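What follows is a short report on a single structure.
In the working numbering, the protein residues as written are 6 to 60.
Put into structure tokens, the structure is as follows:
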């Protein structure tokens with residue numbers, strides 16, 4: 006059950022819409038960076054080089 010529904014009897018949060026959108030945008034950007042940067046770094050190596058490294 007959403008917190009705002011329990012406190013305010015409304016499923017929508019109280020406050021300016023831009024704050025809600027800023028939080029949602031920041032969380033989305035952090036999730037993308039946390040997923041894409043490690044993937045990009047890992048796949049940067051050529052497959053033949055990775056296979057010959059012996060790790």
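Note that beta-carbon positions come from the ideal geometry of N, C-alpha and C, so glycine has one too. Since the model is a prediction, treat every value here as computed from it, not as a measurement.
In the DSSP assignment, the alpha helix (DSSP H) including residue i goes from what residue to what residue?
i	result
residue 50	Careful: residue 50 lies outside any alpha helix (DSSP H) and carries neither H nor E.
By DSSP, does residue i sit in helix, in strand, or in coil?
i	result
residue 30	helix
residue 15	coil
residue 7	coil
residue 43	helix
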